[in-house]
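Chains as they are written, first to last, in our numbering: chain B, 35 to 318; chain S, -16 to 291; chain F, 238 to 650. Working notes for the structure below.
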Amino acid sequence: MSVLLQVSNLSMRFGGLLAVAGVEFSVAPGEIFAIIGPNGAGKTTVFNCISGFYRPTAGRIVLHGGDKSIDLIKVLGGSLRWRNCVRPKQLAEGIYYWFFGGAFRVARAGLARTFQNLRLFRNMTVVENMLIAQHTRLRTGLLPGLFQTPAYRDAERQALEQAAFWLDKVGLLPYANREAGTLAYGQQRRLEIARCMITRPKLLLLDEPAAGLNPQETRELDRLIMELRAEHGVSVLLIEHDMSLVMSISDRILVMEHGRPVTIGTPPEIRADPRVIKAYLGEA
Amino acid sequence: MSTTFLGFIQQVINGLTLGSIYALIAIGYTMVYGIIGMINFAHGEIYMIGSYVGVLVLTALTLLGLQSVPLMLLLTLVVSILVTSAYGWTVERLAYRPLRGSPRLAPLISAIGMSIFLQNYVMLGQGARDISMQPLIAGGWRFGAEGGFQVYLSYMQVLIAVVTVIFMALLTLYISRSRMGRACRACAEDREMANLLGIDTDRVISLTFVLGAALAAVAGVLVGLYYGKINPFIGFVAGIKAFTAAVLGGIGSIPGAMLGGIVLGLTESFASAYLSTQYKDVVAFGLLVLVLLFRPTGLLGKPDVEKV
Amino acid sequence: MTLKRRLPEALSMSLLTALLTLPVLGVHLQVEGLKVALQGDARPVCIAMTAVFLARLFQEPLKQAYSWLNLGRLLPGPQRLATYRTPLLTLLVGAALIWPFFASRGAVDVATLSLIYVMLGLGLNIVVGYAGLLDLGYVAFYAVGAYSYALLAQNFGLGFWECLPVSVAMTATAGCLLGFPVLRLRGDYLAIVTLGFGEIVYLLLNNLDSLTGGPDGVKNIPKPTFFGLEFAREPSTPGGVTFHRFFGLDYRGGDVVIFLFLLALVLVLFILFVIDRLIRMPIGRAWEALREDELACVSLGLNPTVIKLSAFTLGASFGGFAGAFFAARQGFINPESFTFIESAIVLAIVVLGGMGSQIGVILAAVALTVLPEVARQFQEYRMLAFGLVMILMMIWRPQGLLPASRPRLELPQ
């Protein structure tokens, strides 16, 4: 089985507190992988490490895909550790990423994430939220834009079409020109997912996507995620507390407790595992 | 003892004196930043006002015929601290508190506006030119061979060092032992939590400004005595340098501000002696830029969790 | 009833005011030769005390009157402004083209100065208003623009039009070099580092005598020509043609003033055009998104440093425009024109006009340049007023007097 994301021996320490240790798992292409656990188990910390918002204190995170493998920690740059730079190639890479690295490289590697507390551009319109997401692929040169060359106008038009396509997919097309902050909560969640998908990610990270949704909206979310996987081949890594959603769509589940992994398995295996029940589930 | 070595000692003395002044002002910056996360751009002007009060009170006391130097010094410090604390408190209430929830640029701009306002306010009140006063404490000790280079340690320099140490000690004691001091530390760590636990964060914040202003007043009085001349614009450059000192030592850390002040004072002194007096300011600002680029947490600050 | 309860509070406030104003406004140092005396001046202190006392005592009725007035309502909102924008702009430009031929020389001169501040304001507006970066050392770019033109003219004998692109390029490069290391810093730190840089530039200008002429500055900077025609009584180079001779007119000293004004107008219009295009481009959207939520931008693959750098560099290059033009207009420059006060004035313009609003910035620049000229007797209160304006605007109306929303790209339905 080929591997899309490989997380090895991940640890995250905040000062004196070891939030996460020894986390190890992999996500296959086209797989839906869930991380569950009681509050404080370290799930969001793992997420933040993978998506580049924290620099892990130890471990490796590698995103495979196509012909390249990208070390998601190295591209963060920003810190030159002298002991890591013993070889010239390492030093050159270290210096390069010190200048040009950053968390944004993780997204460019093919990873997109949503946020637990929603991070939309509330004062910008829905369609503009979608356009920003395409920023890295648009013609952002100064001169073409100043002179409004045909190539530039073409690119903008195509960007709008792409935005329209994805908005239609999540049912938000009628709201395209409204400010994102004026949408209902469920609609905002769908917008965030659409915004992720327009970046054509290999891996979609969903941070508690069902939080605050009613049962019907949760079922629609269920359907949407399955559709995204089936039609667009995206793999999904999600954190979730809603067990019905997790059990129904996940291929495999990682259970965490107190910052450490408890077990990995398929939904039936997890449901039956006594350790998991003890740690967390109580009831299915 | 060789001349070079004596010259070096002289620079160390000058640097420590300068550093003490910076340290006193830097504490104001670091305490305010530690508790509300903003740079009080107007703090340099508070120091400047302190120096003006110092000069005026000392002149008044001299005119009244007071002779006892310790008494004059004490009275001056008391009055100056009183006035600048009032300014510190008022500035916070008027220009910063209304903007506490606003997006980050607003309090910054308000602070800059307040800095410009205070500078010109004093300029209008007291004139743009230097005002001077007779040196109160003159003389000092000389070390070294007669006829050769002599290290000069003035009484004023010793006074500055002593007064600085006293006030630093008082502040440290207060912060670590008293109830309000504990409240200050709690608010600096986690203001929301402190609020939930029943601490009146507004009062603590006001107190922080007042304490910072008081120390700036001390610095102002000492500077007036040391240089004998002040003008409404000394707060600007001193403010930037004191902020550099605060960042150098680790913003939010009081011992850091003290250390940063000393380090900056020494650096500036050496730069002015061994490089060029004209470029000493460039060195100070350059140091600020370098520190912020390569070690923004400063010497004593805890390295931030590697949040990318 | 409430008045009585307010009494002790009002009294204590006025006592506080006394404490504050007495040392600064109430006591003056008089030096006559060797004699030193202190002179008390009770008037300002009493005025301040009374004012504070009354304001505090009648706080409630005053607040009610203020909200009843609702001054904010008088100002047009962003939507109204957008519809009136084009006709308003055409009207202004038309008037501006005709006016200098009928106005006095002094007035045109002041107007040209205000156009320089408009350029500076528009440039800083990109950095502060659109990208949300507080740059307190903007004067450094103004200085680079001015000195690069001055020194190129002095050392290589080049004219304004040859030097302008070079000056702008040099300023843009300076912006890039300064910005790259510095833009990763948080808001406060960025502000103070840019402040430090502005000071460093000023100190270098003052001290690098051999290069910049030190405190004396650079003199004899040539004025711009009209397609090679000089505005002077006699041509400076043999074989050169002066403007009046070419068109068969009499020489008038006022011609060059009008020419400079029109040239400044052209530069301003150019800058406005560029900015207008920019904010409709992806980069303009990126600036707004970055200002709103940097983490969300990062999560979408946007490189915040590069985006901030583009704003910084563009803002800097407009400062360069203004600087080069300033040097050409003045004929001589020295470091005193490039102190922190200039940065503060431009910041006040952006804050007053509205961060992100072109019209607002233009009007604020004009107001803040023209008013001090008109009200000469209040000259010494100018900076005091600027400081107060900045504080009050942040408390009362942080979006500026004439906030404008960015034109949005819409999906055709």
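Every residue gets a Cβ at the ideal spot worked out from N, C-alpha and C, and that includes glycine. Given the structure is predicted, the values throughout are model-derived calculations rather than measurements.
Interface residue (Cβ-Cβ distance to chain F less than 8 Å): threonine 42(S) is classified as such. The three-state reading of DSSP puts lysine 312(B) in helix, counting H, G and I together.
For aspartate 530(F), the nearest beta carbon of chain B is closer than 8 Å to its own beta carbon. Contact between isoleucine 223(S) and glycine 433(F) holds, with the beta-carbon distance rounding to 6 Å and staying under 8 Å. Across the structure, leucine 288(B) and glycine 181(S) are spaced so that their CA atoms are roughly 41 Å apart. Residues of chain F whose Cβ lies closer than 7 Å to the Cβ of phenylalanine 192(S) do not exist, since the nearest Cβ in that chain is about 14 Å away. In the structure shown, glutamate 58(B) adopts extended strand secondary structure according to DSSP, grouped into three states. Runs of alpha helix (DSSP H) with 4 or more residues, each lying fully within the stretch 579 to 635 of chain F, are found at 595 to 611 and 619 to 633, listed in chain order.
Below the 9 Å Cβ cutoff, chain S contributes Ile22, Phe24, Ile223, Phe226, Thr227, Val230, Leu271 and Leu275 as neighbours of isoleucine 429(F), in chain order.
Along the length of the stretch 520 to 591 of chain F, whole alpha helix (DSSP H) runs at least 4 residues long occupy 531 to 536, 541 to 567 and 577 to 590, reported in chain order. Arginine 156(B) is a Cβ neighbour of glycine 215(B), given a cutoff of 8 Å. Residue state for aspartate 202(B) is assigned as helix, using DSSP reduced to three classes. Of all alpha-carbon atoms in Tyr262(S), Ser3(S) and Leu270(S), the one lying nearest the alpha-carbon of leucine 442(F) is that of Tyr262(S). One alpha carbon belongs to glycine 485(F), the other to arginine 421(F), and they sit about 58 Å apart.
Using a Cβ-Cβ cut-off of 8 Å, phenylalanine 498(F) does not count as an interface residue toward chain S, since no Cβ of chain S sits closer than that to its own. Flagged as an interface residue toward chain S: glutamate 436(F), by a C-beta distance shorter than 8 Å. With respect to isoleucine 99(S), alanine 581(F) sits close: the two C-beta atoms are nearer than 8 Å.
Around the beta carbon of valine 146(S), 16 or more other beta carbons sit within 10 angstroms, so the residue counts as buried. Within chain F, the C-beta atoms nearer than 9 Å to that of threonine 159(B) come from Arg645, Leu646, Glu647 and Leu648, in chain order. Along the stretch 51 to 70 of chain S, going in chain order, the ones with a CB nearer than 9 Å to a CB of chain F are Val62, Ser63, Leu65, Val66, Ala69 and Tyr70. For alanine 143(B), the three-state secondary structure derived from DSSP is coil. Residue burial annotation: phenylalanine 577(F) is buried, with at least 16 other C-beta atoms found within 10 angstroms of its C-beta.
In terms of CA proximity to tyrosine 386(F), Phe563(F) leads the group Phe563(F), Gly590(F), Ala279(F) and Pro635(F).
The criterion of a C-beta distance shorter than 8 Å is not satisfied by valine 588(F) and methionine 620(F).
Between the stretch 9 to 29 of chain S and the stretch 187 to 204 of chain S there are three or more inter-stretch CB-CB distances shorter than 8 Å, so the stretches are counted as touching. With fewer than 16 neighbouring CB atoms inside 10 Å of its own CB, asparagine 43(B) falls in the exposed class. Take the alpha-carbon of phenylalanine 67(B) and the one of glycine 76(B): they are about 16 Å apart.
Methionine 631(F) has a beta carbon lying within less than 8 Å of a beta carbon in chain S. Counting every other CB atom within 10 Å of its CB across the protein chains shown gives glutamine 109(S) a total of 16 or more, marking it as buried.
With three or more CB-CB distances shorter than 8 Å, the stretch 216 to 236 of chain B counts as touching the stretch 136 to 149 of chain B. Note on the stretch 426 to 452 of chain F: whole alpha helix (DSSP H) runs with a minimum of 4 residues are 446 to 449, in chain order.
Contact note: threonine 233(B) reaches chain F through Leu537 and Gly538, using a C-beta cutoff of 7 Å and chain order.
Listed along the chain, the chain S residues whose CB falls inside 8 Å of the CB of leucine 625(F) are Gly96 and Phe100. In terms of beta-carbon proximity, valine 511(F) lines the interface with chain B, with at least one pair separated by less than 8 Å. Looking at the backbone, the Cα of isoleucine 335(F) and that of phenylalanine 378(F) are separated by about 32 Å. The alpha-carbon separation between alanine 137(B) and arginine 94(B) amounts to approximately 15 Å.
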